[in-house]
Amino acid sequence: MKPTESTVEGRRRLLGRNLSIAYDAPVKIVRGSMQYLYDEAGRQYLDGYNNVAHVGHCHPRVVEAGMRQMQTLSTNTRYLHDTILRYAERLTATLPEPLRVCYFVNSGSEANELAIRLARAHTNARDMIVLDHAYHGNTTTMIDLSPYKHDGPGGNGPPSWVHKVPLPDLYRGRYRADDPRAKEKYAEHVVEVIKTTGRLCGFIAESMPSVGGQIVLPPGYLKLVYDSAHAAGGVCIADEVQTGYGRIGTHFWAFESYGVVPDIVVLGKPIGNGHPIGAVITTREIAASFDNGMEFFSTFGGNTVSCAIGLTVLEVVEEEKLQAHALAVGAQLLKGLRGLQQHHEIIGDVRGSGLCLGVELIRDNEPATKEAHRIVNALRDNGILIGTDGPFHNVLKIRPPMPFSTDDAAKLLGALQTALKQQ
Ligand code: PMP
Numbered sequence: 000m001k002p003t004e005s006t007v008e009g010r011r012r013l014l015g016r017n018l019s020i021a022y023d024a025p026v027k028i029v030r031g032s033m034q035y036l037y038d039e040a041g042r043q044y045l046d047g048y049n050n051v052a053h054v055g056h057c058h059p060r061v062v063e064a065g066m067r068q069m070q071t072l073s074t075n076t077r078y079l080h081d082t083i084l085r086y087a088e089r090l091t092a093t094l095p096e097p098l099r100v101c102y103f104v105n106s107g108s109e110a111n112e113l114a115i116r117l118a119r120a121h122t123n124a125r126d127m128i129v130l131d132h133a134y135h136g137n138t139t140t141m142i143d144l145s146p147y148k149h150d151g152p153g154g155n156g157p158p159s160w161v162h163k164v165p166l167p168d169l170y171r172g173r174y175r176a177d178d179p180r181a182k183e184k185y186a187e188h189v190v191e192v193i194k195t196t197g198r199l200c201g202f203i204a205e206s207m208p209s210v211g212g213q214i215v216l217p218p219g220y221l222k223l224v225y226d227s228a229h230a231a232g233g234v235c236i237a238d239e240v241q242t243g244y245g246r247i248g249t250h251f252w253a254f255e256s257y258g259v260v261p262d263i264v265v266l267g268k269p270i271g272n273g274h275p276i277g278a279v280i281t282t283r284e285i286a287a288s289f290d291n292g293m294e295f296f297s298t299f300g301g302n303t304v305s306c307a308i309g310l311t312v313l314e315v316v317e318e319e320k321l322q323a324h325a326l327a328v329g330a331q332l333l334k335g336l337r338g339l340q341q342h343h344e345i346i347g348d349v350r351g352s353g354l355c356l357g358v359e360l361i362r363d364n365e366p367a368t369k370e371a372h373r374i375v376n377a378l379r380d381n382g383i384l385i386g387t388d389g390p391f392h393n394v395l396k397i398r399p400p401m402p403f404s405t406d407d408a409a410k411l412l413g414a415l416q417t418a419l420k421q422q
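Residues in the sequence shown are numbered from 0 upward in steps of one, following numbering that gives the first Met the number 0.
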């Protein structure tokens, strides 16, 4: 038995069977360093999609900050400590007014859960609007709010308080780029839902829907939707779990690229660079509504070690100028991918910004799911890791750790060209 086979067998025996494993030939990673991963045999893989390791796998400064704090103190928010304040101060400084009050938890799912509690406390309403194909987390309420899950295998559809509107996908969606009123038409679906619900709890969306297929929302869409949601008494939640911290290059937060300010921002994945941290940032007004007599406490949320790590990740993003780096390398990737599109009919669309990119593959105008699967596996065999996204798993997702360099981009483009020629 190969070492990976015995590990797969062990997982089958010991872990829940519905954990998925990437790639036809599973990869057993034992070490990571910046944008590279290493398997048991010491083979190096270029990481093109694990955005959780935002500033790089095992970034030495982040590791050092965690180690130092673990040696000193690991405790919770019931005791006074300055690191949480330095972290909250630095985090809120990246956000526009009036987003000034932070809550810390341990995952993106938990952060979204808390965001819904804040929204309910503020509005006294329950009805939520979500985008089709969205994913917001693995907890009970988040499955309710995630069409990607509740409309998929094993799902039981949405509960009555969840209202799904079409994903504003200008490439494959209901209204497309050739329709000059596409954004208004998508936004009108939100207005239609509000007519049936009356007072609204809120609207939640990723600022660039990732599971939906690395979608860039039509300019102006979020503004129309936020205005409608606000007029109905609702709050607007931006799920920036995948898209924040400079990843899109042009802005620190993806919502900023649409000229809107959410009422609640939800963070996860990259903010701990692999350490489990989630955060919710909201307005003083919403925080006051939530402060209704019931204590809020998370045993591990905001613990001293997590805050030391979270603060260091933020410092590294800023000091290493990773946002500008993402913009430059992203531009190189976009140019290269659009060049490949000229020669390969299978590339229907190239989209995204910075190091948050999607390449939609099509065959005879239909999603090229099998081809996407083959390409991702061929790249893996070539030592480059990317994945697929989208309702049909036909969108190549490229979301590497931010230190991903121009040389890495050239390597990825070259390997992709080879894989495309084999289709
Ligand atoms: N929101 C979005 C947009 C996500 O992609 C995810 C995880 N893929 C979550 C929330 C949930 O985060 P976690 O898995 O850390 O609970």
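Just so you know, even glycine gets a beta-carbon here, dropped at the ideal spot from N, CA and C. Note that the coordinates shown come from a computational prediction; the quantities given were computed from them, not determined experimentally.
Give the C-beta separation of residue i and residue j to the nearest angstrom, bearing in mind that I take them to be a contact with Cβ-Cβ under 8 Å.
i, j, result
"I276", "G47", "Going by Cβ atoms, the distance from I276 to G47 rounds to 24 Å, so no, they are not a contact pair."
"I128", "F202", "5 Å"
"D126", "H162", "6 Å"
"E239", "V264", "6 Å"
"Y22", "R379", "5 Å"
"Q322", "F251", "6 Å"
"L356", "L333", "7 Å"
"A418", "A377", "4 Å"
"T249", "E205", "The pair is not a contact, with the Cβ atoms about 17 Å apart (cut-off 8 Å)."
"D212", "P2", "Sequence check: residue 212 is Gly here, not Asp. With 8 Å as the limit, G212 and P2 do not qualify as a contact, their Cβ atoms being about 35 Å apart."
"L223", "E183", "7 Å"
"D388", "S209", "6 Å"
"L354", "R246", "6 Å"
Between residue i and the ligand PMP, is there a pair consisting of the residue's CB and a ligand heavy atom that are separated by less than 7 Å?
i, result
"H53", "no"
"D46", "no"
"N381", "no"
"G267", "yes"
"S439", "With the chain covering 0 to 422 only, the question about residue 439 has no answer from this structure."
"H132", "no"
"D363", "no"
"E359", "no"
"Q421", "no"
"E284", "no"
"H135", "yes"
"G232", "no"
"N272", "no"
"D238", "yes"
"V264", "no"
"P17", "Note that residue 17 is Asn in the sequence shown, not Pro. No, since every heavy atom of the ligand PMP falls outside the 7 Å radius drawn around the Cβ of N17."
"S5", "no"
"V210", "yes"
"S106", "yes"
"N50", "no"
"E205", "yes"
"Q241", "yes"
"N155", "no"
"N111", "yes"
Sorry if obvious, but does the Cβ on residue i come closer than 7 Å to a heavy atom of the ligand GDP?
i, result
"V161", "Summarising the ligand content, the structure contains the ligand PMP and does not contain the ligand GDP."
For residue i, write down the residues that DSSP places opposite it in a beta bridge.
i, result
"A424", "As shown, the chain starts at 0 and ends at 422. That puts residue 424 outside it, with no answer to give."
"H229", "For H229, which the question treats as bridged, DSSP gives no partner whatsoever."
"S32", "Y35"
"G57", "For clarity, residue 57 is Cys in the given sequence; the question names Gly instead. Beta-bridge pairing links C57 to no other residue."
"A128", "Rather than Ala, the amino acid found at residue 128 in this sequence is Ile. DSSP, once it has assigned bridges, lists H162 and F202 as partnering I128."
"D46", "L384"
"V104", "G277"
"L98", "T282"
Counting only runs that start and end within the region 235–310, where is the alpha helix (DSSP H) found for 4 or more residues in a row? 283–289
Uninterrupted alpha helix (DSSP H) stretches inside the region 392–417 (no shorter than 4 residues): At a cut-off of 4 residues, not a single continuous stretch assigned as alpha helix (DSSP H) sits fully inside the region 392–417.
Contact the region 73–80 vs the region 297–314: 3+ CB pairs below 8 Å: yes
Meets three-Cβ-pair contact criterion under 8 Å: the region 46–66 and the region 381–398: Because the criterion of three Cβ pairs below 8 Å is met, the region 46–66 and the region 381–398 touch.
Restricting to runs no shorter than 3 residues, where is the beta strand (DSSP E) found entirely within the region 343–395? Within the region 343–395, the complete beta strand (DSSP E) runs of at least 3 residues are 346–352, 355–362 and 386–388.
Can you find at least 3 beta carbon pairs, one from the region 166–175 and one from the region 192–201, that sit closer than 8 Å? no
Give the list of continuous beta strand (DSSP E) stretches no shorter than 3 residues that lie fully inside the region 135–190. 161–164
Pair every Cβ in the region 221–235 with every Cβ in the region 56–74, then say whether three or more of these pairs are closer than 8 Å. no
Is the region 174–191 touching the region 135–146 in the sense that three or more CB pairs, one from each, lie closer than 8 Å? Judged by Cβ distances under 8 Å, the region 135–146 makes no contact with the region 174–191, as fewer than three pairs qualify.
With contact counted as at least three CB pairs below 8 Å, one residue from each stretch, are the region 280–289 and the region 56–69 in contact? In this structure the region 280–289 does not touch the region 56–69; the number of beta carbon pairs closer than 8 Å is below three.
Pairs of beta-carbons, one from the region 392–405 and one from the region 316–332, closer than 8 Å: are there three or more? yes
For the 8 Å Cβ check, are there 3 or more pairs between the region 98–114 and the region 250–270? yes
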